[in-house]
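Worksheet for the structure shown next.
Numbering (my numbering), first residue to last: 75 to 246.
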């Protein structure tokens with residue numbers, strides 16, 4: 075009987091550890107954005123007033139810049155900057171540009187995340203797994219989950235939850 079109980083417990087532990095419940099954080103606040111840039115390198119952005127600094131492993135951090143290049147969910151290269159007067163991001167791709175409160179980015183591990191600005195950092199929410207062919211279809215569920223689980227009542231989480239729940243309007 076003890077042997078059967080131990081076998082069941084071991085099997086349950088394996089099942090739970092492989093489940094989405096144990097897959098890592100789904101949302102968090104941080105002072106940095108860890109993302110894939112347009113050259114597919116793992117880089118980190120941090121705010122420096124209204125500008126961003128970029129750092130990459132093995133290199134000295136860059137001087138603050140008013141814009142950075144990120145890889146969006148579609149794998150496209152998007153230039154991102156913060157418009158202080160309007161309090162939103164400006165996303166540019168070629169001659170086209172749009173504005174929004176939400177960044178859709180590829181994390182270092184390839185998973186697809188969304189983030190919005192907090193005063194000195196970002197609030198992040200995981201939306202879809204690496205290789206997901208339709209991450210936009212997961213946005214509402216991610217937003218609903220975030221709204222339900224924002225137990226610390228973080229204002230940026232409320233903003234991001236609302237943007238995700240409405241499936242966002244930005245193609246960045």
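Even for Gly, the Cβ is constructed at its ideal location relative to N, Cα and C.
Quick caveat, the model's predicted, so the values are computed rather than measured.
Between residue 148 and residue 170, what straight-line distance do the alpha-carbon atoms span, to the nearest angstrom?
Using only the alpha carbons, I get a separation of about 16 Å.
Do you know how far the Cα of residue 107 is from the Cα of residue 118?
Put simply, the backbone Cα of residue 118 is about 6 Å away from that of residue 107.
Need the endpoints of the beta strand (DSSP E) that residue 110 sits in, please.
Annotation: the continuous beta strand (DSSP E) that includes residue 110 extends over 106-110.
Near residue 158, which residues of its chain fall below 7 Å by C-beta distance, leaving aside the five closest residues on each side in sequence?
Within the same chain, 124 come within 7 Å of residue 158 by CB-CB distance, once the 5 residues on both sides are set aside.
Closer than 6 Å by C-beta to residue 121: which residues in its own chain qualify, once you throw out the five before and the five after it? Chain order, please.
Apart from sequence neighbours up to five positions away, the residues of its chain that approach residue 121 with a beta-carbon distance below 6 Å are 194, ordered along the chain.
Other residues of its chain near residue 231: CB distance less than 7 Å, five sequence neighbours each side excluded
The residues are 101, 197, 220, 224.
On the three-state DSSP scale, how would you describe residue 174?
In the three-state scheme derived from DSSP, where H, G and I count as helix and E and B as strand, residue 174 is classed as strand.
Quick one: residues in its chain with C-beta nearer than 6 Å to the C-beta of residue 160, no 5 flanking neighbours on either side, listed in chain order?
Once the five neighbours on either side are set aside, residue 160 has no close Cβ partner at all.
Suppose you measure from the CA of residue 143 to the CA of residue 153; what does that come to, to the nearest Å?
In this structure, the alpha-carbon of residue 143 lies about 4 Å from that of residue 153.
For the beta strand (DSSP E) containing residue 145, list its first residue and its last residue.
Where residue 145 is concerned, the enclosing beta strand (DSSP E) stretches over 141-145.
Let's see if you can read the secondary structure: which residues bound the beta strand (DSSP E) around residue 230?
No beta strand (DSSP E) contains residue 230, which is instead part of the alpha helix (DSSP H) from 229-239.
Let me know if residue 187 comes out buried or exposed under the rule of 16 or more other beta-carbons within 10 Å of its beta-carbon.
Of the residues assessed, residue 187 falls on the buried side of the cut-off, its CB having 16 or more other CB atoms within 10 angstroms.
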